[in-house]
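Have a look at the structure below, then the notes.
Structural data, given as structure tokens:
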């Protein structure tokens, strides 16, 4: 297992609640990482203030300042590379990333998505689960590839959908499980226990996994 802290950069577009969960896990000694940068496409993103309060370097990159999404993404990844990050975490980063720009980071970039992938890629996942009459909902942490929300799934958290649930209620209840799931996955990666097995398998302790790990009582189990 690796003993040096994993150097991690985080991208977020919003308030940063998943980032806050990661910082809390690090501060509690549960996450052997060094956060080297937090970046955002929005200057007023709450995640930036959370990072600054925690002493983490931040940067903002405005998409409107670039001629194309591709130009923006290549500059974004240039900055991330310069930060020294070994792993990139997308924690509510609400942009589709150019496939060529992210290719060098495949296997070194994860995302948390509020659905039980491969169900409900993209937006409005809570609404879509309710409209489909699903009995359960959840969140997934997956490796990022050029396919939108289509990379290999590392782990999931599941919750039951209750009678009377609406979209905000379901989203809020799931959020607490996201805050457990993402740090748990990042810890396994930081400890060298989870890795991407090319081209599209997740390996745990060197063994290919047939199904995503599942969050049970705050722990990941296979």
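Residue numbers (the working numbering): 3 to 224. Cβ coordinates follow ideal geometry from the N, Cα and C atoms, glycine included.
Taken through DSSP and simplified to helix, strand or coil, residue 74 comes out as helix. Judged by DSSP secondary structure, residue 182 falls within the alpha helix (DSSP H) whose first and last residues are 169-192. If you look at residue 56, you'll find it isn't in any alpha helix (DSSP H); DSSP assigns it neither H nor E. A distance of 8 Å or more separates the beta carbons of residue 35 and residue 53. Residue 211 and residue 199 have their C-alpha atoms spaced approximately 10 Å apart.
In this structure residue 215 is not in contact with residue 169, their Cβ atoms being roughly 27 Å apart against a cut-off of 8 Å. The shortest C-alpha to C-alpha distance from residue 123 to any of 203, 146, 47, 38 is the one to 146. Note that the C-beta distance between residue 176 and residue 141 is below 8 Å.
With a cutoff of 8 Å on beta-carbon distance, residue 101 and residue 69 are scored as not near each other. Here residue 98 is not near residue 33, since their CB atoms are 8 Å or more apart. Contact annotation, residue 38 with residue 85: C-beta distance approximately 5 Å; criterion of less than 8 Å satisfied. With a 10 Å radius around the Cβ and a threshold of 16 neighbouring Cβ atoms, residue 46 comes out exposed. For residue 128, the enclosing alpha helix (DSSP H) has its first and last residue at 127-133. Counting the other Cβ atoms within 10 Å of the Cβ of residue 125 gives fewer than 16, which makes it exposed.
Across the structure, residue 208 and residue 67 are spaced so that their CA atoms are roughly 43 Å apart. Nearest Cα to residue 5 within the set 83, 137, 213, 189: 189.
DSSP, reduced to helix, strand and coil, places residue 36 within a strand of the structure shown.
Counting only the Cα atoms, residue 172 lies some 19 Å from residue 219.
DSSP assignment within the region 190-214 yields no whole alpha helix (DSSP H) run of 4 residues or more.
Sequence-distant Cβ neighbours of residue 81 in its own chain, meaning closer than 8 Å and more than five residues away, are 39, 41, 61, 63.
Taking all protein chains shown into account, residue 158 has 16 or more neighbouring C-beta atoms within 10 Å of its C-beta and is therefore buried. Under the DSSP assignment, residue 142 falls in the beta strand (DSSP E) whose first and last residues are 138-145.
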